[in-house]
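K.L.:
Supplied in structure tokens, the structure appears directly below.
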């Protein structure tokens with residue numbers, strides 16, 4: 060994105076809050092590529108002491124996308140609205156608004172959808188566990204294959220157990236990664 064923001068803010072962190080479409084649309088469209096066989100990466104290099112950024116295309120399997128909290132929400136927007144060719148989506152302590160454009164896009168979808176891996180702490184007071192469950196159920200009803208993991212007593216934070224499950228899921232999704240991990 061070459062310095063552009065890839066996130067957005069919500070006026071109210073609740074599923075019933077209206078989605079602010081203009082704050083989601085531009086970052087969601089700007090991330091990734093439409094090609095099934097090459098994906099842009101942001102390459103950083105140091106040349107004559109100056110830091111330079113450039114987009115490069117690489118031939119590779121489709122990446123998995125994801126994030127924590129609003130990063131997970133953005134990942135769902137990126138994958139299910141604009142880039143359904145990704146290997147998978149992970150959303151940790153995340154939810155979608157009840158009127159999310161993701162749901163509308165999935166109603167019009169054509170083809171296979173990436174699997175969703177979701178984790179959520181039962182003690183999360185910022186993004187309630189029930190909001191994550193509701194998002195998961197709504198996406199399942201629209202044809203998304205999901206894995207939902209609850210973490211008892213976990214607040215709006217990451218845990219080692221959560222990250223271990225995520226790592227195993229990523230390694231299973233990305234061909235060749237399991238072999239590289241064994242080396």
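In the numbering used here, the protein residues as written are 60 to 242. Glycine residues also receive a C-beta, built at the ideal position from the N, C-alpha and C atoms.
Pick helix, strand or coil for residue 161, following the three-state DSSP scheme.
P.N.:
In the chain shown, residue 161 corresponds to position 102, counting from 1. Residue 161: helix per DSSP, three-state reduction.
K.L.:
Report yes if the C-beta distance between residue 131 and residue 150 is below 8 Å; otherwise report no.
P.N.:
Counted from its first residue, the chain shown places residue 131 at position 72. Counted from its first residue, the chain shown places residue 150 at position 91. Closer than 8 Å, so yes.
K.L.:
Name the DSSP bridge partner or partners of residue 205?
P.N.:
Stepping through the chain shown from its first residue, residue 205 is reached at position 146. Note: residue 205 sits in a beta bridge opposite 175.
K.L.:
Thinking C-beta only, is residue 192 closer than 8 Å to residue 207?
P.N.:
Residue numbering aside, residue 207 sits at position 148 when the chain shown is read from its first letter. Residue numbering aside, residue 192 sits at position 133 when the chain shown is read from its first letter. Going by C-beta atoms, residue 207 is nearer than 8 Å to residue 192.
K.L.:
Should residue 148 and residue 134 be called a contact, given that it needs their Cβ atoms to be closer than 8 Å?
P.N.:
Taking the chain shown and counting its residues from 1, the one referred to as residue 148 is at position 89. Taking the chain shown and counting its residues from 1, the one referred to as residue 134 is at position 75. Contact flag set, yes.
K.L.:
Just verifying my parser: in three-state terms, what is the DSSP assignment at residue 137?
P.N.:
Position 78 of the chain shown, counted from the start, is the residue given in the question as residue 137. The answer is helix: DSSP assigns residue 137 an H, G or I state.
K.L.:
Suppose you measure from the CA of residue 221 to the CA of residue 169; what does that come to, to the nearest Å?
P.N.:
Taking the first residue of the chain shown as position 1, residue 221 is located at position 162. Taking the first residue of the chain shown as position 1, residue 169 is located at position 110. About 32 Å.
K.L.:
Quick one: is residue 185 near chain D, going by C-beta distance under 8 Å?
P.N.:
Note that chain D does not occur in the displayed structure, where there is just one protein chain.
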